[in-house]
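Chains as they are written, first to last, in this note's numbering: chain E, 52 to 561; chain W, 689 to 1012; chain C, 105 to 470. Taking it in order: structure first as structure tokens, then the write-up.
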């Protein structure tokens, strides 16, 4: 069977990051081909190249046997490639019909054109089973219907190759089932489907073949008959980089943080947290493993007080919190809870501030930082001295406290934030993606700091999409998937296979 | 309340609403495409000056109107250059244009006409006159003739053009291809870009329509309402038009109603001057400043969400940067 | 409002604004040429009129005073992430506050009354800014539109009160009664005379010192105080501020309150210092000039003082030139001001890529 899409040797670099490295991939016509990998594995970049958003630095693309040059999305559409984005490209205030028509209107006057488009769409809907209320305003439609609309849009423009980017991220289980029925029907019709996902269960249920990517490269391509979720999980997370695990650690002590039954829905209405409970004890590091986007970020935000959940309770030290009167970041810090956010740029620092001002962020109300008349001013001498100490302790380079926060490299920014949070001697530390974008030397240092903190009796919650990191640091591993805790293991009981299975499971832990 | 009063009120309302309406429609088209337009005042003023200057010199109304439209379009181009092509701040650009217009119109006026900033009055023949002369005044005793005749039919062509343009703008936005794209680019430019259309081109298109309408508004002030340009003659009408557009929630027909309301308030304020406030409100006179301030007050109340929500186009004011 | 580009600091805050200013002045010069005048002659006459005599300097500094107040007002709001175009209205209310206080307590001695006037001006201006601020923070109403509306409302209020309440009976001019001498900010030439210094009379008064003091205060507030730290965090990075436990709504109120208070102080300069009574339209566009000043001064007190001086020179020089060259009027200054806002504000980044390329090339070869 001819390959609908053949990519050969695709490479793409963004600055210092090699997003795609010599990627080669062949997708047979009329099949559903899964593309799996962690965040940052390079699958989104690859599809963006296929759809014309980027041009590859090297490599060839062949569509249906013909070499193709895809300079922009218009070219891609002309070649029969359609894309359904993760964040829908729809205009809320227009009707579904208008959205499909936009850019491909049959004539100057819409009235006549709409009739034509409607006839064509109704035929398409009958053929594929994709039902969408064409005259409804988009902002009144549920997410599942919006996704069908996006698929219709692509098909209307003659897409024979359909790229779906994480389509089930925003769907409820029922909507997911409906989507799969639709995709199966499209496959029968002869459409080639490329499914970007990190949900291994879906891959096994729907795909004919699957390609696993990691760190910009293709790890392997399998026919589905030869694949199992374990194999895929192993391929996705890669071999363990042995960062070593020092012998002995402090015994876990009293419970410092106790969260029960946290529930939160995201903007699209999907459950981001679906009854999550968690306990943190003094002197232990709890690692939250799982593919990004399964509620870990929301968990951090809720525990840090940046967002209130819809249901659940939190006990932090002696204080109790309920959704109506939830924790807020200032109170959290008062209760000696520190937070190293996942998004260090937008949250963890004020980029326009110099380092010595960022180093006080969150703690700017502390007594030691007060000075001047009646405590109204900030004691800049103290702030500067502390920043210098922080830079020394954490080897932040360059050692310039007046440098703008944005001018430090990612790793040094992270070190500064860690220095700030750890420097307050917290009792509980929440930390998200601590070594994302950080060089290897700094990683070792940061890991050492987290262990030292744990040994000193702090409770640490570590969220990381790097399984290696979790395995190297955690005393106890909690696995999350689809907003639920699917399993909890002591570190001694952990291995990649078990964890991979838990990461793909959708059953809540007993 | 006699037929003379009602008739002349209706007529005044329509006349006073016309420049507001044209400007408000101009702002509407621009903002629906995502470009904030605070420079309505400056464009209307510059257009009025152009119409007055060219009209006086060439003795031709057509040339005057043409000049007004060209000037307003040029200014829209500058705004587009700064904001669409170079992603400058749209609010600052609008404020800057208003300042330049306020100054430049007087500077040029003084230099060219030596009348302290005024342009010489245009000939009677050049001025736009009512289309049906027999309705020019309300007649006592004749209710139909006064209200419908004088009220509605005594106006010059620009008034009718303005109200017809309400339908025109509506039709353009809702029933034509460019209109659909224009509406989309103000809500989700990324989507329009992904569909292969040019976001800047669509926005410049909107700005050109904006310039055309502002040009007509300025022409009206000089060729129909007054006979010549005088410094700062727009007197804040551009901002009232902005208020009307927001009050009309960025839709043509409600905007027209808002303009009629504000025009009515303007017409009524002259007649309400000296009118007595009911005793329950303390007696005394209706302050004319209150009536003059009503359009602004109503806009604030609307924005505060007390009379329904004002949902601007989602991408309004945000310069579009191709994310990919 | 700024785009991320790789420009070294000295180009970003030094060379680029000066370049934009130069282009604006060039454009203004073209206009002058266009009306048949010689730009260089006009420019020279302007400088002469503004700085060539002690009296001229006095006038220049008097204008500078008002611009410093409105420039600081816009800058403080910017640091909080807000665009305050309501300086005109807030300044009008400030003047109103001065007038009401002065007329209510004519018998108080100057050392008591003058500080009261300053406080009244600040409070009235603050109140006029707080309503749009509250609407933005709690109802999401766009502050740009509401402050523009409030400008008109402020002017209307002023007219109403003057016509109906403050105008002495039988007076034709739309003005309030004259204030007592104690309510007048002492003119600097009068103060100088007490020290034996002979200075030509000019409207320059003690408000100038107040303006400089305000600069110091704003500098201290923004970069030294805890409240300023929080304000800048919210203005620069609302999410990081949320992370840090800073509540944005109160910062919006604070930023606008301070902004309105600063703008209100224009009333001290104009009403107490110069007019001695409440008049119509005494703000005369200073609110809008404040925007230009803040943009040129990069929202920093030092830059604002320099930019205010620039505009003071433009205004005073412009007035003098219009005596000298009949075709050259005050409106030329307004035009120049608008061109500056256009090139240094809206089009500030147009030349930035060019500079970035030149700088990169220079670094490679240098």
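Ideal Cβ placement from N, Cα and C applies to all residues, glycine included.
Query, Result
"Residues near residue 366 (chain E) by beta carbon distance below 6 Å, same chain, minus five either side", "309"
"Contacting residues, own chain, Cβ-Cβ under 8 Å from residue 292 (chain E) (five flanking each side not counted)", "Unreliable placement is indicated for residue 292 (chain E), whose pLDDT of 41 sits below 50; the coordinate value is still reported in the next sentence. If we look at residue 292 (chain E) and ignore the five residues flanking it on each side, its Cβ neighbours are 519."
"Those runs of the beta strand (DSSP E) which lie wholly inside the region 365-404 of chain E and span at least 3 residues", "370-372, 388-391"
"Cutoff 8 Å: residue 404 (chain C) Cβ touching any chain W Cβ", "no"
"Distance CB(residue 437 (chain C))-CB(residue 149 (chain C)) smaller than 8 Å", "no"
"Backbone secondary structure at residue 977 (chain W) - three-state DSSP", "helix"
"Validate contact between the region 1000-1007 of chain W and the region 712-727 of chain W using beta carbons, cut 8 Å, 3 pairs", "yes"
"Where residue 156 (chain E) meets chain W, residues with beta-carbon distance less than 7 Å", "865, 868"
"Of the residues E:496, E:252, E:389, E:338, the one placed nearest residue 539 (chain E), counting alpha carbons only", "E:338"
"Between the CA atoms of residue 77 (chain E) and residue 57 (chain E) - distance to the nearest angstrom", "4 Å"
"Short Cβ contact (8 Å threshold) for residue 321 (chain E) with residue 346 (chain E)", "no"
"Alpha-carbon to alpha-carbon, residue 867 (chain W) and residue 161 (chain E)", "9 Å"
"Inside the region 898-943 of chain W only - alpha helix (DSSP H) runs reaching at least 4 residues", "925-935"
"C-beta neighbour in chain E for residue 875 (chain W), strict 8 Å", "yes"
"Residues that DSSP places opposite residue 213 (chain E) in a beta bridge", "E:133, E:244"
"Supposed contact pair residue 439 (chain C) and residue 948 (chain W) - C-beta distance, whole angstroms, cut 8 Å", "With a Cβ gap of about 35 Å, residue 948 (chain W) and residue 439 (chain C) do not count as contacting."
"Contact with chain W by residue 140 (chain C), beta-carbon distance below 8 Å", "yes"
"At least 3 beta-carbon pairs within less than 8 Å: the region 351-360 of chain C vs the region 379-389 of chain C", "no"
"Validate contact between the region 484-492 of chain E and the region 454-465 of chain E using beta carbons, cut 8 Å, 3 pairs", "yes"
"Residues in the region 306-331 of chain C having any Cβ partner in chain E nearer than 8 Å", "324, 328, 329, 330, 331"
"Nearest-angstrom Cβ-Cβ length linking residue 270 (chain E) and residue 201 (chain E), presumed shorter than 8 Å", "29 Å between Cβ atoms; not a contact."
"When W:957, W:988, W:990, W:991 are compared against residue 979 (chain W), the one with the closest alpha-carbon", "W:957"
"Chain-order list of residues whose beta-carbon lies under 6 Å from that of residue 349 (chain E) (same chain, five-residue window excluded)", "315, 323, 324"
"Any C-beta of chain E under 8 Å from that of residue 1014 (chain W)", "Because chain W in this structure spans residues 689 to 1012, residue 1014 (chain W) falls outside the shown range and cannot be described."
"Listed by chain order, chain W residues near residue 144 (chain E) by CB distance under 7 Å", "875"
"Per-residue contacts from residue 124 (chain E) into chain W (C-beta, under 7 Å)", "882, 884"
"The beta strand (DSSP E) enclosing residue 329 (chain E), as first and last residue numbers", "322-332"
"Alpha-carbon spacing of residue 311 (chain E) relative to residue 417 (chain E), whole angstroms", "31 Å"
"Residue from W:922, W:771, W:909, W:876 whose Cα sits closest to the Cα of residue 850 (chain W)", "W:909"
"C-alpha distance - residue 549 (chain E) paired with residue 63 (chain E), whole-angstrom precision", "34 Å"
"From W:701, W:789, W:750, residue whose alpha carbon lies closest to that of residue 734 (chain W)", "W:789"
"For residue 140 (chain E) and residue 304 (chain E), the rounded distance between their alpha carbons", "50 Å"
"Proximity test, Cβ basis, 8 Å: residue 542 (chain E) and chain W", "no"
"Coil, strand or helix - residue 65 (chain E) by DSSP", "strand"
"Outcome for residue 467 (chain C) when other beta-carbon atoms lying within 10 angstroms are tallied against a minimum of 16", "exposed"
"Separation of residue 412 (chain E) from residue 546 (chain E), as counted between CA atoms", "39 Å"
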